[in-house]
Structures are given as C-alpha cells and as structure tokens.
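Shown next, in structure tokens, is the structure this report addresses.
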Amino acid sequence: MGMDVVDYEIKGAEMQFVEVELDPGEAAIGEAGSMMFMDAGIGMDTVFGDGSASQGGFFGKLLGAGKRLVTGESLFTTIYTNQGQGKQRVAFAAPYPGKILPMDLAKLGGTLICQKDAFLCAARGVSLGIAIQQKLSTGFFGGEGFIMQKLEGNGLAFVHAGGTVVRRTLQPGQTLLVDTGCVVAYTPNVNFEIQYVGKIKTALFGGEGLFLAKMTGPGEVWLQSLPFSRLASRVFAAAPQRGGSREEGSMLGGFGAAGLLGGILGGDDE
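1001 is the number that this note's numbering gives to position 114 of the sequence shown; each next residue is one higher, with no gaps.
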C-alpha cells in the first residue's frame, strides 16, 4: 500500500485541531478518540493495529496492536476513507493545550521517534511501532523517554506537543540536556542517553528530578515547554482532596468555597 498524499490545515492557537482534506479513495488514520468532525462522505472503519500494509495477516496485526499497547495507546485505530466523489474533510483535535506539528516523514529520512502519547493522526500507510532505548541506564531511569513511538513511512504524520514547541538542529557531536518529559520527537540518528544531574542537593531539592535526557547530534529534536505529566501533577497537587491551597480571589472567598464544598461532599447532619 502506497502512502496517501493529503492536504491539511491546522487551525486555532492554544487548543488546535487539524483538518485533513482527502481526495476520493484517500484515507487517514487517527488515534482513538481524536476525531472532531468529518464530512458525510467519509466512512469510518476501526481496525486492529494501525492498518498499514506492513501488518499483513493476523499475526502481523496482532504484533502491531501489541506494540501500540506497550506504548500505552489503544489496540485499535480508526481509518477515515473518502467514499464520495469529491474532496472530503475530517478533523482531529488536540487532547490538551499545545501545538500540532506536521511531520513529513519523507523529508525526515522515513522515520521519526516521538513520545508515546504524541501521535494524533497520519495519512494512510504510515506505520506505528515502538522504539525501546537500548542502554540499560536509559531503561531504568529514562522515565517518559524509555519506551517511545516510532513512525515510519514517507507520508504526513501529525504529532501533538504541550505548550510552546521549539525545534533544534544538532550538529555532529553537539549535545543538549533536556528534561525527559520535554522531549517530543527526534530523528533516529540522534543519540539519546540518560545523565545524572551530578549533585545530591540539586537532585533532591532542584525540582527537576534525578536524571536528564542527553541528546547528541547530528539530527533534529523537537521540545515542548509543558509536558502533560507536569500539567497533570500541578492540577492534582492543587485539588482540594490533596490539600491544595491555590485559591483564586480573596481569602474569605477561599474559606467560604472550601467550607461549602466540604459540606456538600462530607454531608451535614444538622
């Protein structure tokens, strides 16, 4: 199966979505739950794995689905095919604030390594696999950077990143130290390792964790300013059941809201 060549338009600022335009017979694959809307002439078909030609036969599909399960994604993907006579559009929405990045795999050497929850959608024919870091230290301490997704093919793929995104081009031997959660994607020729922060005091009280990702060129690296894990931890820490104290408004308003919420949740016997 050849790669479908699709047109697209990314809309929005902080909460983006991408509209993919399909010619008759063309198709796009989307992550489960990512579809926003589609024209009436588009047909949906949920498949086991990613639906690419590399997954021919039952065992190929089973292996592809297993790879997706390892990366924390659904066993299934949905294929959106233009079954009409003219151009049709289907849109995929970002799951949290950030940016949608169009990745032309043909211009990136045919392969892209990205964080395990970054994939949003792609043209039909793009293969979704896993990339497991080989070094033992990376496996033990890599955290979010240990098991990543591998996108292969020569078509368009769309990945999502949190906050603001920056692309860095690393020259041969050039090294960049990054928080492991801030790595969105990189080309496979970039060397990915884990490095200890170096000082016990920094490791314990610096707030950045014990280890950093050490990325050495040559190659391309995409970084995000707001990993979803960081956003989720801040929200969870500020939640009332965790004793969060980041209240908006006056102190009196905060106490009043907390008391009212406590009465509703805990009940009132009087």
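Using N, Cα and C, we set each Cβ at its ideal position, and we do this for glycine too.
Are F924 and P989 closer than 9 Å when you measure CB to CB?
Sequence index remark: in the sequence shown, residue 924 carries index 37 (1-based). Sequence index remark: in the sequence shown, residue 989 carries index 102 (1-based). No, the Cβ-Cβ distance between F924 and P989 is not below 9 Å.
Helix, strand or coil, according to DSSP, for R1117 in the structure here?
The residue labelled residue 1117 in the question sits at position 230 within the sequence shown. Helix at R1117.
Using CA coordinates, which residue listed in V1013, M922, I1000 is at the minimum distance from R976?
Counted from its first residue, the sequence shown places residue 976 at position 89. For R976, the nearest C-alpha among the options comes from M922.
Could you spell out the range, first to last residue, of the beta strand (DSSP E) harbouring P989?
As a working mapping, residue 989 is identified with position 102 in the sequence shown. Its beta strand (DSSP E) spans residues 985-991.
Starting from V1013, trace the beta strand (DSSP E) both ways and give me its first and last residue.
Taking the sequence shown and counting its residues from 1, one reaches residue 1013 at position 126. No beta strand (DSSP E) holds V1013; DSSP gives it neither H nor E.
Three or more C-beta pairs under 8 Å: does that hold for the segment 901-918 against the segment 979-986?
yes
Between the segment 968-975 and the segment 989-999, do three or more beta carbon pairs fall short of 8 Å?
no
Whole alpha helix (DSSP H) elements within the segment 1041-1070, 4-residue minimum
Unbroken alpha helix (DSSP H) runs of no fewer than 4 residues, entirely contained in the segment 1041-1070, are not found.
For A900, I'd like the list of residues in its chain whose CB is within less than 8 Å of its CB, leaving aside the five on either flank, ordered along the chain.
Counting from one through the sequence shown, the residue named residue 900 turns up at place 13. There are no such residues.
By DSSP's criteria, A914 is part of a beta bridge. Which residues make up the other side?
Stepping through the sequence shown from its first residue, residue 914 is reached at position 27. For A914, which the question treats as bridged, DSSP gives the partners T968.
For A1124, the three-state DSSP class (helix, strand or coil)
Within the sequence shown, the letter at position 237 stands for residue 1124. DSSP places A1124 in helix when its eight states are reduced to three.
Would you say Y895 and L992 are within 9 Å of each other, going by their C-beta atoms?
Taking the sequence shown and counting its residues from 1, one reaches residue 895 at position 8. Taking the sequence shown and counting its residues from 1, one reaches residue 992 at position 105. Contact flag unset, no.
Can you tell me which of V1013, L1057, L1064 puts its alpha carbon nearest to the alpha carbon of N1041?
Position 154 of the sequence shown, counting from 1, holds the residue named residue 1041. The candidate whose alpha carbon is nearest that of N1041 is V1013.
Anyone know if the C-beta pair for G928 and G985 falls short of 9 Å?
Mapped onto the sequence shown, residue 928 falls at position 41. Mapped onto the sequence shown, residue 985 falls at position 98. No, these two residues do not count as a Cβ contact at 9 Å.
Which residue's Cα is closest to the Cα of G917: D1004, T1103, E1080?
Residue mapping note: residue 917 aligns to position 30 of the sequence shown, counting from 1. Looking at the Cα atoms, D1004 is the closest of the given residues.
Note down, in chain order, each residue of its chain lying with its Cβ closer than 7 Å to the Cβ of K1037, except the 5 sequence neighbours on either side.
As a first step, residue 1037 is located in the sequence shown; it is residue number 150 there, counting from the start. Answer for K1037: T998, I1000, G1016, I1017, A1018, listed in chain order.
Just checking my contact of N1078 with T1103 at CB under 8 Å: how many whole Å lie between their CB atoms?
Here the question's residue 1078 lines up with position 191 in the sequence shown. Here the question's residue 1103 lines up with position 216 in the sequence shown. Their Cβ separation, rounded to whole angstroms, is 4 Å, which keeps N1078 and T1103 in contact under 8 Å.
Does the beta-carbon of D891 have 16 or more other beta-carbons within 10 angstroms, so that it is buried, or is it exposed?
Reading the sequence shown from its first residue, position 4 is the one you call residue 891. Answer is buried; the Cβ neighbour count reaches 16.
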